[in-house]
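One structure is given below, encoded as C-alpha cells.
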Amino acid sequence: MAKRRIYLDYAATTPVDLAVFSAMRPFFSQKFGNPMSLHSFGREANDAVEKSRKQTADFFGCESSEIIFTSGATESNNLAIKGITLASAKKDENVGMPHVITTQFEHSCVLNACRKIEEQGMAEITYLPVGKNGLVNIQDVKKSIKPGTILVSIMYVNNEIGTIQPIKEVGKLLSEINVSGKHSKIYFHTDATQAINYLDCKVDSLGVDLLSMSAHKIYGPKGIGCLYIRKNTPLKRIQDGGGHEFNMRAGTHNVPGIVGLGSAIALADKQRNKVSKIVEKMRNHLILRITKEIRGVKLNGDKTKRSPNNANFTFQDVEGEGILLGLDIKGIAVSTGSACSAGNLQSSHVLKAIGLPEEESHGSLRVTLGKYTTKLEIDYFIDSLKEVIIKLRKIAGKHA
Numbered sequence: 583m584a585k586r587r588i589y590l591d592y593a594a595t596t597p598v599d600l601a602v603f604s605a606m607r608p609f610f611s612q613k614f615g616n617p618m619s620l621h622s623f624g625r626e627a628n629d630a631v632e633k634s635r636k637q638t639a640d641f642f643g644c645e646s647s648e649i650i651f652t653s654g655a656t657e658s659n660n661l662a663i664k665g666i667t668l669a670s671a672k673k674d675e676n677v678g679m680p681h682v683i684t685t686q687f688e689h690s691c692v693l694n695a696c697r698k699i700e701e702q703g704m705a706e707i708t709y710l711p712v713g714k715n716g717l718v719n720i721q722d723v724k725k726s727i728k729p730g731t732i733l734v735s736i737m738y739v740n741n742e743i744g745t746i747q748p749i750k751e752v753g754k755l756l757s758e759i760n761v762s763g764k765h766s767k768i769y770f771h772t773d774a775t776q777a778i779n780y781l782d783c784k785v786d787s788l789g790v791d792l793l794s795m796s797a798h799k800i801y802g803p804k805g806i807g808c809l810y811i812r813k814n815t816p817l818k819r820i821q822d823g824g825g826h827e828f829n830m831r832a833g834t835h836n837v838p839g840i841v842g843l844g845s846a847i848a849l850a851d852k853q854r855n856k857v858s859k860i861v862e863k864m865r866n867h868l869i870l871r872i873t874k875e876i877r878g879v880k881l882n883g884d885k886t887k888r889s890p891n892n893a894n895f896t897f898q899d900v901e902g903e904g905i906l907l908g909l910d911i912k913g914i915a916v917s918t919g920s921a922c923s924a925g926n927l928q929s930s931h932v933l934k935a936i937g938l939p940e941e942e943s944h945g946s947l948r949v950t951l952g953k954y955t956t957k958l959e960i961d962y963f964i965d966s967l968k969e970v971i972i973k974l975r976k977i978a979g980k981h982a
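This is the structure in C-alpha cells:
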C-alpha cells in the first residue's frame, strides 16, 4: 500500500495547475520560436509573451510596458535594489551616499542584495526592526528617512511567519513626502511573492514603484517571475547582453515559463476570493486545534494581520527539525522556515527579528496551506503532529 503523502509547504513552492501546464505545453516543442526572431515562428512566440505580459499587467493594474520578465523574485529583487542604487549613485552629491531603508526580516535575497551594495560602498542601509507581532512600525519608517534616501523596500507578506505588512500605509507616507517637494523622490519597492494568491496587489492602491514576484508560488512554473517598474523610475540594468525586455533584462526569453506565469496569474485573479476564504477557514481550524490540544505551543506573528494560508508555531522542549523529520516519515511535508535557508543550521533571522530567543526559534514549524489542501489532511496532520511531539519529548525526558 502506497504511503499517504500530504503537502503543507505551499510557501516554499506550489504544484503547477493543470490548466497552466496545458497553456505552456505547446511552447516546448510545437511553438518553439525565439520571440526576438522576425519570422513567423518568432512572431508566434512574441505574441504569446506579450499576451502574458498583458495578463500580468492587468493583474497589477499597470501598463504592459511596466512589466519586466525575470527568472524569479530573487532576480527581480536584485534588479530593483541594485538598479535603483546604480541609477542614483551620482544623483546629488550634496546629500551624500544613497540611502536605502529595508527591514531586518526580509527574504534573504533582499537582505543580501542590500548587504552587497553596502559592502561595495554604493549605499548606506537602514535595517528597520519589527515588533513582536512581526509588523513594521510606520513611524520607524518615517524617522529613518534622511536627505539621501532613495528607496524603501518592505516585503508585503513575510515568507516565514506570514504577517502582512502595512504596505498601503507606507506607500501613502512616501507619497505625501514626495508630493511635499521637500525631499528628492523616494521610490518604494515591495516583494509581493507571498501575497499574490490572497491580497490586493494593484500597484496604484499599494503606492509602490517596484514590485517583485515568482510564478512558482502561484501554481505556475519555477524559474520565472517579473518585476513591475513604474514608468519614469530610474533603474539601471544589472545583466548585460541583448536588448530584451525593454533593454532592462538581457537573455533569451523563457517562453513556456512566461506563458505559465501569465496563465497562473490570471487564474489566481479569478480564484482569489473563493480560495482565500476556504484556505483561511482551514488555517483557523488548524491553529485552534494545535493551540488547544498541544501544550507549550505559541503562534508566531500577528493573529489577524497574516496571510490566510500561513501558521508558524514554536513548540517547547522539542526541535523543529525533529518534528519535520518525524512528520516526513509519516508522509507529511512542512517546513522550519524559508526553503531558501533550509541548509542553514542557524536560527531563523525572522524569528530573531521578532524577539524569539535562540533556543525557542529552533523549535519552530511553518505550516502553509494551498488550494488543494483538504480538512481531512489538516486533521491527519494534527493527529500525526501530536504523536511526533509526544515521542520527541519522551526521548528528551520531557513531559508530553
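Remember, this note's numbering sits 582 above the position in the sequence shown when you count from 1. Cβ coordinates follow ideal geometry from the N, Cα and C atoms, glycine included.
From the beta carbon of residue i, is the nearest beta carbon of chain B less than 9 Å away?
| i | result |
| --- | --- |
| E827 | In the structure shown, chain B does not exist; there is a single protein chain. |
Looking only at DSSP bridge pairs, what is residue i linked to?
| i | result |
| --- | --- |
| M795 | C808 |
| H681 | E706, T731 |
| I914 | I588 |
| K880 | T896 |
| T595 | According to DSSP, which records beta bridges pairwise, T595 is partnered with nothing at all. |
| D773 | S794 |
| V949 | A893 |
| V739 | I746 |
| T652 | G807 |
| R888 | T745 |
Assuming the contact rule is C-beta atoms closer than 8 Å, residue i and residue j should be a hit. Round their C-beta distance to whole Å, please.
| i | j | result |
| --- | --- | --- |
| C808 | L843 | 7 Å |
| G553 | N740 | Residue coverage of the chain in this structure runs from 583 to 982, which leaves residue 553 outside it and unanswerable. |
| I743 | N628 | About 41 Å; that fails the 8 Å criterion. |
| E875 | K968 | 6 Å |
| C696 | I663 | 6 Å |
| K980 | D899 | 4 Å |
| F614 | V932 | The Cβ separation is near 42 Å, so there is no contact. |
| Q637 | A850 | Not really, about 10 Å apart at Cβ, beyond 8 Å. |
| I960 | H835 | I960 to H835, Cβ: 40 Å. No contact. |
What residue from the options has the CA that sits closest to residue i's CA?
| i | options | result |
| --- | --- | --- |
| L974 | V949, G904, T731 | G904 |
| M679 | A978, P816, Q702 | Q702 |
| S646 | K633, S653, T595 | K633 |
| N855 | N779, K799, D884 | N779 |
| A846 | K804, S858, L881, N866 | K804 |
| M795 | A774, L788, D786, T815 | A774 |
| E648 | K767, L792, T731 | L792 |
| L733 | G763, Q853, Y769 | Y769 |
| Q721 | Y738, I699, P748, M737 | P748 |
| N694 | P711, A669, T656, V723 | T656 |
| T815 | S611, L958, L668, T652 | L668 |
| E827 | I936, Y592, L661 | L661 |
| K957 | V598, I869, K976, G825 | I869 |
| N882 | F609, V723, S946, R865 | S946 |
Excluding sequence positions up to five away, which residues of its chain have a Cβ less than 7 Å from the Cβ of residue i?
| i | result |
| --- | --- |
| S923 | A caution first: S923 carries a pLDDT of 47, below 50, which makes its placement in the model too unreliable to give a value. |
| S929 | E940, S943, H944 |
| F530 | As displayed, the chain neither begins before 583 nor continues past 982, which places residue 530 out of reach and without an answer. |
| T596 | H798, K799, I800, Y801, G952 |
| A705 | T667, M679, P680, H681, V682, I699 |
| Y592 | N891, T950, L951, G952 |
Residue i and residue j: beta carbons closer than 9 Å?
| i | j | result |
| --- | --- | --- |
| T886 | V879 | no |
| K585 | G833 | no |
| H771 | P729 | no |
| L989 | L951 | The chain is shown from 583 up to 982; residue 989 falls before or after that span and cannot be answered. |
| P566 | R635 | Summary: the structure shown does not reach residue 566, with the chain confined to residues 583 through 982, and so no result is reported for it. |
| V718 | T685 | yes |
| R948 | N892 | yes |
| S735 | N659 | yes |
| I840 | G654 | no |
| G789 | S757 | yes |
| D884 | I972 | no |
| T896 | L906 | no |
| Q776 | Y810 | no |
| G937 | L817 | no |
| N760 | K750 | no |
Residues in the same chain with beta-carbon distance under 6 Å from residue i, minus the five sequence neighbours each way, listed in chain order, please.
| i | result |
| --- | --- |
| L600 | none |
| V857 | K953 |
| A921 | Its pLDDT being 48, under 50, A921 is placed unreliably by the model, and nothing is read from it. |
| M830 | I650, R819 |
Tell me which residues share the same chain as residue i and place their Cβ nearer than 8 Å to its Cβ, disregarding the 5 neighbours each side in the sequence.
| i | result |
| --- | --- |
| K784 | F642, G643 |
| T708 | H681, V682, I683, T684, S726 |
| L909 | A915, V916, F963, S966, L967, V970 |
| G624 | G615, N616, P617, M618 |
| V861 | Y780, P890, N891, L951, G952, K953, T955 |
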